[in-house]
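In the numbering used here, the protein residues as written are 83 to 359.
Here the structure is laid out as structure tokens; the discussion comes afterwards.
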Ligand SMILES: [Zn+2]
């Protein structure tokens, strides 16, 4: 099914039943499986709307363990919100969800929070591999008492793969190395600018740096992706959120990373959130 607008989503998933059918297929493409033991021997209990696993006696529903579990919000509202969050390049505020989906602000905020958790999990599930661009930037947020905060953010981008960003305390090598060590898995080549605090990167792979004053891109040695990320990110913060509170910055970065990572395969984003357990 090709979904290109919020209208399409509303049509395709207009009822709880339609959403349930889709969720069931996305979650268990090969048939319903017990989330606890993986067994396919279960019976459906229509009264409780749950399955009973004959192997481990676990009871589970279609939404057990998903972000929809134990919420009273109808699935069509969830599906619309997920679509909105996956398809707005600069992000969506709870205020906007409230307006566009027609739910209370509290409900909108709650859905956004749960969807972000699924996004974060997706972005951080595996270590980074291959060619990685490393760069840091300063992001302004609103701090306590309405004052302006400057945050240092480290960005790691695996070419054709995952983007990750982390708020760090400072530009010191030790601080950056801690984040790098945690996120690198089988990294072969690292591209960064020539900052002295990034020199340690050679310990983690073949390290090449871009000299900015040279105004040209040396073949594949560049950090254009991550520089593009900074500009999109800053425009998003100004355009959508007006101000972003310092304490929500990391959550916002995770959401942004998820969308950027899957930007070339938007259809898959939707399903990734649905089946997250
Ligand atoms: Zn079981």
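We put the beta carbon where it would ideally sit given N, CA and C, even for glycine.
Quantities reported herein were computed from a predicted structural model and do not represent experimental measurements.
{"Asked": "So, are the CB atoms of residue 234 and residue 252 less than 8 Å apart?", "Found": "yes"}
{"Asked": "Tell me, which residues are paired with residue 116 by DSSP?", "Found": "None, per the DSSP bridge assignment."}
{"Asked": "With DSSP run on the structure shown, which of helix, strand or coil describes residue 327?", "Found": "strand"}
{"Asked": "Give the DSSP bridge partners of residue 193, in chain order.", "Found": "None; residue 193 has no bridge partner."}
{"Asked": "At a cut-off of 7 Å, is residue 359 close to ligand 1 when judged by its beta-carbon and the heavy atoms of the ligand?", "Found": "no"}
{"Asked": "Say the cut is 7 Å; is the CB of residue 121 nearer than that to a heavy atom of ligand 1?", "Found": "yes"}
{"Asked": "Find out if the Cβ-Cβ distance for the pair residue 340, residue 201 is shorter than 8 Å.", "Found": "yes"}
{"Asked": "Whole angstroms are fine: how far does the CA of residue 225 sit from the CA of residue 232?", "Found": "9 Å"}
{"Asked": "DSSP state of residue 237, grouped into three classes?", "Found": "strand"}
{"Asked": "With a cut-off of 8 Å on the beta carbons, I'd call residue 359 and residue 111 a contact; round off their distance for me.", "Found": "Not really, about 14 Å apart at Cβ, beyond 8 Å."}
{"Asked": "Using C-beta distances below 6 Å, list every residue in its chain close to residue 318, excluding the 5 sequence neighbours before and after it, in chain order.", "Found": "172 and 173"}
{"Asked": "Are the Cβ atoms of residue 308 and residue 242 separated by less than 8 Å?", "Found": "no"}
{"Asked": "Let me check you understand the geometry: is the CB of residue 347 closer than 7 Å to at least one non-hydrogen atom of ligand 1?", "Found": "no"}
{"Asked": "Using 8 Å as the threshold, is the C-beta distance between residue 161 and residue 95 below it?", "Found": "yes"}
{"Asked": "Taking the C-alpha atoms as reference points, what is the distance between residue 312 and residue 219?", "Found": "7 Å"}
{"Asked": "Report, in whole angstroms, the separation of the C-beta atoms of residue 185 and residue 159, which I expect to be a contact under 8 Å.", "Found": "6 Å"}
{"Asked": "Hey, quick one: how far does the beta strand (DSSP E) through residue 352 stretch, first residue to last?", "Found": "Residue 352 -> not in any beta strand (DSSP E); alpha helix (DSSP H) instead, spanning 348–356."}
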